[in-house]
Structure formats: C-alpha cells, structure tokens
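Below is one structure; the comments refer to it alone.
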Amino acid sequence: METTIARKKFTTEEYHMLGDAGVIKPDERVELINGEIIEMSPVNAPHIACVNRLNMLFASKLSGQAIVSIQNPVALDNYNEPQPDLVLFRHQDDFYAENKATSKDVILVIEVADTTLGYDRNVKSDPYAEAGISEFWIVNIQKNEIEKYTQPEDGRFQRLVTMKKEDTIHVEALDFSVVVSNIVG
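So the mapping is simple: my numbering equals the position in the sequence shown, first residue as 1, plus 17.
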C-alpha cells in the first residue's frame with residue numbers, strides 16, 4: 018500500500034498567528050506563497066544595490082503619486098502574502114496605516130533576481146497574475162535586463178517583454194519611464 022503525503026496549506030490568518038505566537042521569529046526572512054511558508058534567500062551586494070537604486074529612482078520621482086514599499090508584505094489572497102523587493106501602491110494619505118495594502122492597491126510589483134530567477138518566474142509570478150496585478154517586473158541581475166509581465170488572465174501573465182540595458186521601461190499606470198541601465202547599474 019502506497020502512503021499519500023499531505024501538505025498543510027497555511028492561510029494568511031494562520032501565518033500571522035504563527036508570527037504572533039513566536040513560531041516565526043520577527044527577524045526570519047519568510048513569505049507565504051501558495052499556502053507554504055517559504056524561507057527567502059539571503060541578499061547579496063548586487064541585489065541590495067539594485068533595490069537601493071529602485072528605491073531612489075521611484076521615491077524621488079513619484080512622491081505624491083504612489084507609495085514606494087520596499088521588501089514589505091502584500092496580501093494577495095487567502096494563501097499568498099509575498100514580500101517583493103519593491104511595490105508601488107496607489108497613493109493613500111495614511112500610507113495604509115489603518116488597513117494593510119492589498120492586491121487592489123498595487124500599481125507595480127518588482128522582484129530583483131540573482132539566485133531566485135527561476136523561482137520568481139515560475140512560482141511567484143502566478144500568484145501575482147491570479148491576484149490581478151497588472152504589471153510585474155523581474156530585474157535579472159545576471160543579464161542586466163528587466164522582464165516586464167503584463168496582461169494577467171486565467172492566473173498567468175499573457176505578455177512578456179524583455180527590456181535590455183539601453184531600453185526605456187515605462188510604468189503602465191503612471192506617467193513614468195526610466196532607462197533600464199539606471200536600475201541594473
């Protein structure tokens with residue numbers, strides 16, 4: 018007789034209860050993806066530099082238009098609460114102090130990928146598409162390019178455009194463009 022192995026999927030509520038109970042420590046780098054608690058990879062210097070460039074570029078140009086959130090969770094649904102490297106949220110005067118931002122508040126999600134490229138493409142992109150996030154970028158540090166995913170439909174992004182270092186990338190929902198080299202270095 019073959020044994021079936023069942024996995025326990027955690028809801029976002031259970032995930033937060035684990036944090037409140039101290040099972041997940043405050044300094045642990047984890048996120049909830051498809052009901053599984055995933056340990057996040059350590060970040061290296063090129064990753065940190067890229068996130069810092071993104072923060073500087075977006076925060077300086079979009080003040081009052083959008084909220085730039087760095088490596089903070091975004092509640093997508095009952096089984097997904099990733100911590101992307103950068104999220105642009107719709108501007109809200111209280112900076113989401115009353116209620117956590119959700120997928121309906123998202124303008125753009127960016128993941129910076131060095132060692133996590135396959136995971137970001139093949140695992141994390143689907144929950145973003147399922148949540149209706151209209152624009153998702155993966156900054157590919159190894160190739161110095163950005164993969165721009167748009168048109169979420171049926172749980173997957175339908176359009177992918179790869180932007181090279183010399184290209185200008187545009188945030189669809191905002192009047193904002195940047196040359197890719199200013200992001201990748």
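Note that CB positions come from ideal geometry on N, CA and C, so glycine has one too.
What did DSSP end up calling residue i once you bin it into helix, strand or coil?
i    : result
D139 : In the sequence on display, residue 139 carries Asn and not Asp. DSSP places N139 in helix when its eight states are reduced to three.
E56  : strand
N157 : strand
K121 : helix
A38  : coil
A130 : strand
V197 : coil
T29  : helix
P144 : helix
I65  : helix
K165 : strand
R173 : strand
Determine whether the beta carbon atoms of residue i and residue j lie at a separation below 7 Å.
i    : j    : result
F235 : D122 : Only positions 18 to 202 of the chain appear in this structure, which leaves residue 235 out of reach.
T167 : E152 : yes
N97  : P144 : yes
V196 : T185 : yes
N72  : I87  : yes
V188 : I150 : no
I155 : E183 : no
I124 : A92  : no
V68  : F75  : no
With 16 as the cutoff for other CB atoms within 10 Å, does residue i come out buried or exposed?
i    : result
D102 : buried
G181 : Note that residue 181 is Lys in the sequence shown, not Gly. When all chains shown are included, K181 counts as exposed.
I22  : exposed
K42  : exposed
P59  : exposed
E45  : exposed
E164 : buried
D137 : buried
Q159 : exposed
V40  : exposed
N157 : buried
Minimum length 3: unbroken beta strand (DSSP E) runs contained in the segment 70-114: 83-87 and 103-107
Given 8 Å, three or more beta-carbon pairs between the segment 47-67 and the segment 26-34: yes
Stretch pair the segment 62-71 + the segment 117-133: three plus CB contacts closer than 8 Å: yes
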